[in-house]
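Protein chains in written order, with my numbering: chain C, 7 to 155; chain X, 7 to 155. Positions of the beta carbon are idealized from the N, C-alpha and C atoms, including for glycine. Since the structure is predicted, the reported quantities are computational estimates derived from the model, not experimental observations. Below is one structure; the comments refer to it alone.
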């Protein structure tokens with residue numbers, strides 16, 4: 007099971023920007039990283055009329071194996087974090103989540119809300135990247151060594 | 007493990023059309039169906055500059071949980087059928103594949119190539135839907151009852 011953490015904050019507080027900066031740093035440390043984003047608005051992928059879109063419209067979930075990347079479209083909607091984790095391939099060390107406000111997971115906070123699972127609190131997404139990287143790395147290292155006892 | 011079958015045929019022989027017609031019929035029979043398509047050309051999803059696209063460009067695999075559907079983008083490319091199956095969520099009864107020419111799985115054929123794993127051979131995708139549905143349903147029923155022995 008991967009280690010799962012969250013990034014929380016008000017709208018436009020820089021959650022995506024922070025994750026965008028964190029991911030390459032954590033990957034450079036050797037972690038295999040996935041991001042799960044809880045989207046408020048309809049997600050909009052694929053192109054109408056393409057083969058993969060026709061197969062999805064026919065009712066099937068679709069995996070498209072391309073020469074550049076792979077994508078999977080599922081009809082399952084409005085998934086909880088646990089339901090998302092169950093559908094993610096099994097190969098990650100760390101999953102960073104954005105938008106699952108009520109999930110009881112350690113969180114990086116870009117706001118001033120109280121949090122009993124606080125990992126680190128930042129006042130600025132850009133300037134806080136170093137502190138966030140350090141906090142996540144320590145947490146992952148600790149969680150992984152605990153799990154291997 | 008789901009039952010896995012393939013649809014094979016020359017270019018433009020109607021493989022996607024056949025699957026498009028088969029899927030709702032098989033789902034109406036109670037099967038949970040996924041389609042895996044081996045795409046020759048680059049798959050093209052998401053919209054440049056969107057949050058999910060930025061997170062993917064940062065290097066992470068991304069799962070986007072939307073109110074309408076869910077999608078997963080993986081950097082893994084050019085996957086074999088076995089590698090695709092390992093990344094698919096575990097909840098399907100039947101996986102229909104298109105494009106994995108060399109996979110040793112039962113196949114519906116829309117061409118005249120020899121095939122030691124032949125499920126059924128059709129001369130026309132549109133007119134062959136009934137025969138294909140029947141052959142797939144019998145195969146799934148048999149494979150499932152064998153597995154539960």
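Item                                                                                                                                : Value
Limits of the beta strand (DSSP E) - the one that residue 77(C) falls within                                                        : 76 to 80
Short CB-CB distance (under 9 Å) between residue 65(X) and chain C                                                                  : yes
Beta-ladder partner(s) of residue 93(C), from DSSP                                                                                  : Per DSSP, none; premise fails for residue 93(C).
Residue 113(X) at chain C interface by Cβ criterion, 9 Å                                                                            : no
Status (buried if at least 16 other CB within 10 Å, exposed otherwise) for residue 36(X)                                            : exposed
Three-state class that DSSP yields for residue 37(X) in the structure shown                                                         : coil
Chain-order list of residues whose beta-carbon lies under 6 Å from that of residue 29(X) (same chain, five-residue window excluded) : 39
Cross-chain neighbours of residue 80(X) in chain C, by beta carbon under 8 Å                                                        : 75, 76, 77, 78, 95
9 Å Cβ cutoff met for residue 76(C) and residue 71(X)                                                                               : no
Chain C within 9 Å of residue 139(X), Cβ atoms only                                                                                 : no
Identified DSSP bridge partners for residue 50(X)                                                                                   : BP columns for residue 50(X) are empty, so no partner.
Residue 124(C) (DSSP reduced to helix, strand or coil)                                                                              : strand
Closest by C-alpha distance to residue 53(C), when choosing among 111(C), 47(C), 63(C), 27(C)                                       : 63(C)
Rounded separation between residue 86(X) and residue 42(X) - CA only                                                                : 11 Å
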